[in-house]
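Colleague:
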Amino acid sequence: MNQNAQRIVNNPKFQELVTKRSAFAWTLSIAMLVIYFGFILLVAFGKEFLGTPIGSGVTTWGMPIGVVTILSAFILTGIYVYRANGEFDELNRQILEETK
1239 MNQNAQRIVN NPKFQELVTK RSAFAWTLSI AMLVIYFGFI LLVAFGKEFL
1289 GTPIGSGVTT WGMPIGVVTI LSAFILTGIY VYRANGEFDE LNRQILEETK
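Per this note's numbering, residue 1239 is the first one in the sequence shown, and the count goes up by one each step.
1) If you drop the 5 nearest sequence neighbours on each side, which residues of the same chain put their C-beta closer than 8 Å to that of A1263?
2) What residues in its chain sit with their C-beta under 7 Å from that of Q1332, if we drop five residues either side in the sequence?
3) In the DSSP output, which residue or residues are listed as bridge partners for P1291?
4) Are the CB atoms of T1298 and T1307 nearer to each other than 8 Å?
5) Identify whether K1285 lies in helix, strand or coil by the three-state DSSP scheme.
6) Under the three-state reduction of DSSP, which class applies to K1258: helix, strand or coil?
7) For T1265, name the three-state secondary structure that DSSP assigns.
8) Let me confirm a value: F1277 is counted as buried when at least 16 other C-beta atoms fall within 10 Å, else exposed. Which label applies?
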């Protein structure tokens, strides 16, 4: 490992960045897995509920729940990007400044 890389790895802010980013990524991943597998389990075991019409129309509960499942992936990605572009990028900038 070259000298610059070693200084970055040894920087306490780098360790903070890795810890925060990993914890946040795992949290969002678990949230998405819960949402996705919750939907799959609902499809497997709650067919009657998903097939229940909303009001007097032809739309059933399965449609909006499916859309929310898909949209949640985009929302969670947006949350990650927002935090990455703010807090994580700032820590990254500080690390690079300190290792110059």
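Quick reminder that beta carbons are idealized off the backbone N, C-alpha and C, glycines included.
Modeller: Answer, in terms of the structure:
1) For A1263, where only same-chain residues beyond five positions count, the Cβ hits under 8 Å are Y1318.
2) Excluding residues within five positions, the ones whose Cβ falls inside 7 Å are K1251.
3) Answer is T1298.
4) Taking a C-beta distance under 8 Å as the contact criterion, T1298 and T1307 do not qualify as a contact pair.
5) K1285: helix per DSSP, three-state reduction.
6) Residue state, collapsed to three classes: helix.
7) Helix, per DSSP.
8) The residue in question, F1277, is buried, as its Cβ has 16 or more Cβ neighbours within 10 Å.
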